[in-house]
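Undergrad: One structure coming up, written as structure tokens, with questions to follow.
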Amino acid sequence: MSDKIIFMPLGGAQEVGASCYFLKLGEDNFLLDCGCGLTQGIRFAPQFNSLLATPYLQDLHQISHVFISHAHIDHCAALPDFLQLNERAAVYMTDLTQEILSAQLEESFDRIRQNISTVTFLQKIPLPTLEVSFYQAGHIPGAMMTLIKFRGKNILYTGDYSTFPTQLVGAAMLPEEPIDILILCGLHARHPFYRSFGESDAALKRILHRIYHALRRHKMVYCQVTQISKGVELIKLINKFLPNAEIFIDERVMRIVRRFENLQIPIMNERDRPLIFFPRKPAVILSTAPPFANSNMEIVNGDFSLHDDFAATVNFVRRVNPKVCVVVHSPPDQRFHASTTLEQILINDPDSRTSFVFPETCESFEL
Ligand SMILES: [Zn+2]
Ligand SMILES: [Zn+2]
Numbered sequence: 000m001s002d003k004i005i006f007m008p009l010g011g012a013q014e015v016g017a018s019c020y021f022l023k024l025g026e027d028n029f030l031l032d033c034g035c036g037l038t039q040g041i042r043f044a045p046q047f048n049s050l051l052a053t054p055y056l057q058d059l060h061q062i063s064h065v066f067i068s069h070a071h072i073d074h075c076a077a078l079p080d081f082l083q084l085n086e087r088a089a090v091y092m093t094d095l096t097q098e099i100l101s102a103q104l105e106e107s108f109d110r111i112r113q114n115i116s117t118v119t120f121l122q123k124i125p126l127p128t129l130e131v132s133f134y135q136a137g138h139i140p141g142a143m144m145t146l147i148k149f150r151g152k153n154i155l156y157t158g159d160y161s162t163f164p165t166q167l168v169g170a171a172m173l174p175e176e177p178i179d180i181l182i183l184c185g186l187h188a189r190h191p192f193y194r195s196f197g198e199s200d201a202a203l204k205r206i207l208h209r210i211y212h213a214l215r216r217h218k219m220v221y222c223q224v225t226q227i228s229k230g231v232e233l234i235k236l237i238n239k240f241l242p243n244a245e246i247f248i249d250e251r252v253m254r255i256v257r258r259f260e261n262l263q264i265p266i267m268n269e270r271d272r273p274l275i276f277f278p279r280k281p282a283v284i285l286s287t288a289p290p291f292a293n294s295n296m297e298i299v300n301g302d303f304s305l306h307d308d309f310a311a312t313v314n315f316v317r318r319v320n321p322k323v324c325v326v327v328h329s330p331p332d333q334r335f336h337a338s339t340t341l342e343q344i345l346i347n348d349p350d351s352r353t354s355f356v357f358p359e360t361c362e363s364f365e366l
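0 is the number of the first residue of the sequence shown in numbering that gives the first Met the number 0; add one for each residue after it.
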């Protein structure tokens with residue numbers, strides 16, 4: 000029996016979008032996440048078929064399990080594509096991820112529902128040669144890290160994570176076991192100048208400031224969110240810091256809000272309402288649709304990141320101190336062409352034992 004560990008990104012390697020990572024542990028084959036990407040408005044899926052050109056698989060049906068870290072599009076929205084190629088695969092995610100995913104995918108969720116099993120944090124799934132368990136990842140509600148124990152080695156896939164609490168969810172909780180192989184979604188691992196100044200949601204607070212000043216000038220605010228789950232975070236924040244603001248929420252965001260509220264996570268206050276008519280007095284319109292041109296409204300981009308910054312990423316890897324760190328979901332620094340990465344900092348740290356891999360999409364490694 001083989002005890003080889005093979006890793007190959009099918010998307011989302013040194014970029015954001017279509018996160019999907021093939022992991023072969025001996026004879027078992029897994030996918031970690033199964034997301035979509037977008038370039039210039041065109042949707043793309045992970046390169047599943049590239050596996051068929053490798054010695055690792057003859058047939059995509061050999062992939063038995065898919066672990067979905069969280070409900071952002073870039074980590075889960077290609078599930079319908081994959082399950083069309085392998086209708087038998089068992090998919091695992093938390094119940095909250097399933098809730099948000101069903102609202103994101105709308106009708107196409109029905110086609111994949113029967114493949115999904117929901118899991119809870121710290122639950123263990125025993126398979127013949129390994130054991131899988133799940134840990135809170137921070138980032139967004141329902142997000143999980145996946146720990147796999149295989150032949151004496153502990154492999155941790157972080158998914159997107161945050162080591163600080165956000166408006167809706169607490170900080171990541173790490174397993175107690177030492178980690179041998181860390182597969183890290185390191186969004187800012189190559190952005191040495193990216194700092195959130197120790198503040199958990201600096202970008203969210205910037206959005207809030209713009210809303211506050213626009214409302215004071217009696218302007219209508221149109222806030223566009225790119226991902227519906229982020230709209231929920233924004234509603235919470237606006238209600239907390241601008242309790243007099245009225246929020247009109249579009250139907251797609253409302254669908255998720257209702258699901259959170261069904262799970263006893265209160266989101267709306269009594270001034271918020273679904274967007275059916277355009278309000279007549281200054282208010283906040285929260286929508287996933289682009290704003291119309293020539294409007295007299297204050298347009299606020301509601302996009303923000305709930306990821307660790309560069310320094311927090313370095314600290315996280317220092318704390319985990321894995322033998323090997325595979326860094327994915329890690330675009331290069333476009334603005335500064337900086338060469339400093341997580342790796343360069345930790346290579347000079349005498350207490351760090353970590354060696355790094357920054358794989359490209361479709362490049363495979365034996366770990
Ligand atoms: Zn995410
Ligand atoms: Zn992501």
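Even glycine gets a Cβ: it sits at the ideal position worked out from N, Cα and C.
Is Asp159 near ligand 1, with its Cβ less than 7 Å from a heavy atom?
TA: Short note on Asp159: C-beta closer than 7 Å to some heavy atom of ligand 1.
Undergrad: Counting C-beta neighbours from all protein chains within 10 Å, is the total for Leu233 16 or more, i.e. buried, or is it exposed?
TA: buried
Undergrad: Can you confirm whether the region 128-141 touches the region 162-179 when touching is taken to mean that 3 or more C-beta pairs between the two stretches lie within less than 8 Å?
TA: yes
Undergrad: At a cut-off of 7 Å, is His74 close to ligand 1 when judged by its beta-carbon and the heavy atoms of the ligand?
TA: yes
Undergrad: Is the beta carbon of Thr312 closer than 8 Å to that of Leu285?
TA: no
Undergrad: Out of Met253, Arg334, Glu365 and Glu26, state which residue places its alpha-carbon closest to the alpha-carbon of Ile275.
TA: Met253
Undergrad: Counting along the chain, where does the alpha helix (DSSP H) carrying Ser228 start and finish?
TA: Segment Ile227 to Phe240, the alpha helix (DSSP H) holding Ser228.
Undergrad: Judging by CA-CA distance, which residue of Arg110, Ile99 and Phe66 is the nearest neighbour of Val124?
TA: Sequence check: residue 124 is Ile here, not Val. Cα-wise, what sits closest to Ile124 is Phe66.
Undergrad: Can you check whether the CB of Asp80 is closer than 8 Å to the CB of Val15?
TA: no
Undergrad: Look up Cys75 in the DSSP assignment and say whether it is helix, strand or coil.
TA: helix
Undergrad: According to DSSP, is Gln83 part of a helix, a strand, or is it coil?
TA: Note: Gln83 maps to helix in three-state DSSP.
Undergrad: Which term fits Ala292, buried or exposed, when burial requires 16 or more other beta carbons within 10 angstroms of its beta carbon?
TA: Counting Cβ neighbours within 10 Å, Ala292 comes out exposed, since fewer than 16 surround it.
Undergrad: Flag this pair as yes or no: are the beta carbons of Lys23 and Ile5 separated by less than 8 Å?
TA: yes
Undergrad: With respect to the alpha helix (DSSP H) encompassing Arg42, which residues constitute its N-terminal and C-terminal limits?
TA: Where Arg42 is concerned, there is no enclosing alpha helix (DSSP H), although the beta strand (DSSP E) it sits in stretches over Ile41 to Phe43.
Undergrad: Is it the case that the Cβ atoms of Ile99 and Ser304 are separated by a distance below 8 Å?
TA: No, these two residues do not count as a Cβ contact at 8 Å.
Undergrad: Expressed to the nearest angstrom, what Euclidean distance is found between the alpha-carbon atoms of Phe133 and Ile206?
TA: 33 Å
Undergrad: Ser63 by DSSP, collapsed to three states: which one?
TA: strand
Undergrad: Taking the alpha carbon of Leu78 as the reference point, which residue from Asn114, Thr225 and Leu56 has its own alpha carbon closest?
TA: Asn114
Undergrad: Could you spell out the range, first to last residue, of the beta strand (DSSP E) harbouring Phe29?
TA: Asp27 to Leu31
Undergrad: Report all residues from its chain with a CB closer than 6 Å to the CB of Leu181; omit the five preceding and five following residues, and keep chain order.
TA: Leu155, Val319, Pro321 and Cys324
Undergrad: For Leu95, which three-state DSSP category applies?
TA: helix
Undergrad: Taking C-beta to C-beta, are Val327 and Leu345 nearer than 8 Å?
TA: no
Undergrad: According to the neighbour-count rule (16 or more other Cβ atoms, all chains shown, within 10 Å of its Cβ), is Leu121 buried or exposed?
TA: exposed
Undergrad: Using 10 angstroms around the beta-carbon of Leu104, count the other beta-carbons present and answer buried if the total reaches 16, otherwise exposed.
TA: buried
Undergrad: How should Thr38 be labelled, buried or exposed, when 16 other C-beta atoms within 10 angstroms of its C-beta is the threshold for buried?
TA: Exposed: under 16 other Cβ atoms inside 10 Å.
Undergrad: First and last residue of the alpha helix (DSSP H) that includes Gln343?
TA: Leu341 to Ile346
Undergrad: For Lys186, which of helix, strand or coil comes out of DSSP?
TA: Reading off the sequence shown, one finds Leu at residue 186, where the question assumed Lys. Correct three-state label for Leu186: coil.
Undergrad: Since Asp32 contacts Ser18 with CB under 8 Å, what's their CB separation in whole angstroms?
TA: 5 Å
Undergrad: Helix, strand or coil for Ile139 per DSSP?
TA: coil
Undergrad: Here's a check: name, in chain order, each residue in its chain whose Cβ is nearer than 8 Å to the Cβ of Arg194, leaving out the five neighbours to either side.
TA: Answer for Arg194: Asp308, Phe309 and Ala310, listed in chain order.
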